[in-house]
Amino acid sequence: MVFFVAVQGVGLLLDMLRLLFSSFSGTFGMVLELCSEMFLLASTPIWMLK
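Each residue of the sequence shown is one higher than the last, beginning at 1383 in my numbering.
Structure representation (structure tokens):
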């Protein structure tokens, strides 16, 4: 439960960062989005194993 709230918080933070970066540089924003999604996908099963 706490983990999912944390993920939502991180997701909101990444969304704000992505908005800043996308207005700054579209390509960098897309790379950041890809990295953040891959990180979330990778961290969820790792957390479940703990």
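Ideal Cβ positions, reconstructed from N, Cα and C, are used throughout, including at glycine.
I'd like to know whether the C-beta atoms of residue i and residue j end up nearer to each other than 8 Å.
i: R1400; j: E1415; result: yes
i: V1384; j: L1422; result: no
Can you give the Cα-Cα distance for residue i and residue j, rounded to whole angstroms?
i: L1431; j: L1394; result: 25 Å
i: L1402; j: T1426; result: 26 Å
i: V1392; j: T1409; result: 21 Å
i: M1398; j: I1428; result: 25 Å
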